[in-house]
Amino acid sequence: MKLIHYYYENNSYHDDDDDGLAPKLLLSAVLKMYTSTVLFLLIIIIPFATPISYYDNTTFEFPEFDPNNHDILYEWNASASNGVIQLTTNQLDKGLNWSVGRATYVKPMHLWDKASGNVADFNTHFSFVIDSQGKSPYADGFAFFLAPNGSRLLPDSRGENLGLVSNNSTNKSIFVAVEFDTYSNPQWDSAVVGDHVGIDVNSIKSEKSEQWWWSDIKKGKRAEAWISYDSGTKNLSLLLTDDDGNVTSLYYIIHLNEYLPEWVTFGFSGATGLYFEMHKILSWNFSSSLQIADDHHVTNNSTSPSHSPPTTSKNKIWLWVVLSAVACFSVAAALVWFGCWMKIGERSSKNEDDINEFERAVVPRQFPYNELVAATNNFADEKLLGEGGFGR
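The numbers in full-length UniProt numbering rise by one with no breaks, and the one at position 303 of the sequence shown is 303.
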């Protein structure tokens, strides 16, 4: 019986190979396709599922300055002339004393992000000349500064105020600046004598300063300045050099987001007083980088620049599209799998039925003794059913 069962089962499988194997192959193909598709969709989903970040950058380079270029905003006596920025009056016949001016980039910089708490890193490099036309003493200097977006030059900010603060006490000044001061005022420059550089916070009394002994203002020597801010270390630093290899450096640890708003105006401010000098910015490069969560949190009193980051709405739409596709494909794959499973089940049930039928056809039926007695009239000769090797 076992041999017959084995023979039938194997021959039945091979005879019906197309019907029995096809559902299994289809099921295997569906499972492989489903696995591959899900992995592919997960690769698409992961970037969307990750918190989306953008970088709000400000970058520009001015090798020279054209009066017709509107990327620089000039105030009071500042102007573009002969390819350079003149922060203060540069014409002797107009008088160089008591002059003040500012030159700022026309777009604000995104200094820090309220939603994420991130603060920008920035670097700026500029070349400049301070020229007293051979005169001494001379005054007063200029500064690179950051102030609240939309700020303007304050009245009565000439002389030692460097265009940063006003003698009018009702005008509160908010700024962070790196000053190039050419005149020592004893009331706030007691730490250094003569030409010096300093870092100022809301006051022209420097938080930290360093002697600038090689300035050579009377000869109008060209100098190079690099100012950078590292948001990780909170380090605001200055490196000042000239063509003769002289170097002056300065740094100060400061949390800029504690003193300045999210968006800032930035650029240069200079002034003269009783004594004069010319302040020329020859070239200016700037770059900043701020990682932000999104762009929905721009404050009402801040103006977002034209290069602000895109919104996240499109990304959210795509995320839902991909998730919906995964769900639909999963349902379809499940239905196909169920159909294949049912087909295989039907084939298995049919094979079992065929085997049982075969067994019933081949194996002799057993009859109870009482049925045999009744059928043969108690085994009478005329009712003989047959003979075997062992007799009747």
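Note that the Cβ used here is the ideal one computed from N, Cα and C, for glycine as well.
Starting from residue i, trace the beta strand (DSSP E) both ways and give me its first and last residue.
i      : result
Ala147 : 141-148
Tyr251 : 247-253
Lys234 : Counting along the chain, Lys234 falls outside any beta strand (DSSP E), and DSSP gives it neither H nor E.
Lys114 : It is not in any beta strand (DSSP E) - Lys114 carries neither H nor E in the DSSP assignment.
Ser81  : 79-81
Ser132 : Ser132 -> no beta strand (DSSP E), and no H or E assigned at all.
Gly101 : 100-105
Gly198 : 196-201
His279 : 278-292
Ala271 : 263-271
Val165 : No beta strand (DSSP E) holds Val165; DSSP gives it neither H nor E.
Leu73  : 72-76
Asn57  : 54-62
Ser209 : 208-211
Glu179 : 176-181
Around the C-beta of residue i, are 16 or more other C-beta atoms found within 10 angstroms, so that it is buried, or is it exposed?
i           : result
residue 396 : Absent from the structure is residue 396, since the part of the chain shown begins at 1 and ends at 392.
Lys94       : exposed
Ala223      : buried
Val84       : buried
His14       : Low per-residue confidence applies at His14: pLDDT is 47, beneath 50, and the placement is therefore not dependable, though the value from the model is reported in the following sentence. By the 10 Å Cβ count, His14 comes out exposed.
Pro108      : buried
Asp56       : buried
Gly232      : exposed
Ala161      : Sequence inspection shows Asn at residue 161; the Ala mentioned does not correspond to that position. When all chains shown are included, Asn161 counts as buried.
residue 395 : Nothing can be reported for residue 395, as the shown portion of the chain is limited to 1 through 392.
Phe286      : buried
His297      : With a pLDDT of 46 at His297, under the threshold of 50, the predicted position of this residue should be treated as unreliable, and no value is reported.
Val373      : exposed
Phe126      : buried
Lys135      : exposed
Ala139      : buried
Phe128      : buried
Ala375      : exposed
Asn149      : buried
His70       : exposed
Ile43       : exposed
Glu262      : buried
Phe65       : buried
Thr35       : exposed
Apart from the five residues on each side of it in sequence, which residues of its chain come closer than 7 Å, Cβ to Cβ, to residue i?
i           : result
Lys234      : Ile253, Ile254, His255
Lys205      : Trp188
residue 394 : Because the chain spans 1 through 392 in this model, residue 394 falls outside it and cannot be assessed.
Ala147      : Ile174, Phe175, Val264, Thr265
Gly198      : Glu179, Asp181, Ser206, Lys208, Ser209
Leu236      : Ile199, Tyr229, Tyr251, Tyr252, Ile254
Ser283      : Phe62, Pro63, Glu64, Phe126, Ser127
Give every residue of the same chain whose Cβ lies closer than 6 Å to the Cβ of residue i, excluding the five residues on either side of it in the sequence, and list them in chain order.
i      : result
Ala78  : Leu87, Gly101, Arg102, Ala103
Gly267 : Ala103, Thr104, Tyr105
Asn257 : Trp112, Val119
Leu239 : Trp226, Ser249
Leu73  : Thr104, Val106
Ala293 : Ala115, Ser116
Asn168 : Asp156
Gln211 : Val192, His196
Ser81  : none
Ser313 : Any answer about Ser313 is weak, because its pLDDT of 45 lies below 50 and its placement is not dependable; what the coordinates show is given next. Cβ neighbours of Ser313 beyond the five flanking positions: none.
Ser151 : Thr265
Gly220 : Val129, Asp131
Phe60  : Phe286
Thr124 : Ile227, Phe286
Would residue i pass as an interface residue toward chain D - the criterion being a Cβ-Cβ separation below 9 Å?
i      : result
Tyr251 : In summary, chain D is missing from the structure at hand, where a single protein chain is found.
Please return the same chain residues whose Cβ sits closer than 8 Å to the Cβ of residue i, not counting the five positions on each side in sequence.
i      : result
Gln91  : none
Pro137 : Tyr183, Tyr275
Pro368 : none
Tyr259 : Ile174, Val176, Val201, Asn202
Leu153 : Glu75, Trp76, Val100, Gly101, Arg102, Gly163, Ser269
Ser166 : Leu154, Pro155, Asp156, Ser157, Ser173
Asn97  : Thr272, Gly273, Leu274, Tyr275, Phe276
Pro67  : Ser79, Ala80, Ser81
Mind reading off the beta-carbon distance from residue i to residue j? Whole number of angstroms is fine, and I expect it under 8 Å.
i      : j      : result
Asp242 : Ile217 : Rounded, the Cβ-Cβ distance is 12 Å, inconsistent with contact.
Asp121 : Met278 : Contact flag wrong, Cβ pair sits at about 33 Å.
Ser288 : Thr89  : Going by Cβ atoms, the distance from Ser288 to Thr89 rounds to 31 Å, so no, they are not a contact pair.
- Query: Within the chosen definition, does the region 189-196 reach the region 227-238 through at least 3 CB pairs nearer than 8 Å?
  - Reply: Judged by Cβ distances under 8 Å, the region 189-196 makes no contact with the region 227-238, as fewer than three pairs qualify.
- Task: Mind the definition here: the region 127-147 touches the region 161-180 only if three or more C-beta pairs lie below 8 Å; say whether that holds.
- Result: When C-beta atoms of the region 127-147 are compared with those of the region 161-180, three or more pairs fall below 8 Å, so the two segments count as touching.
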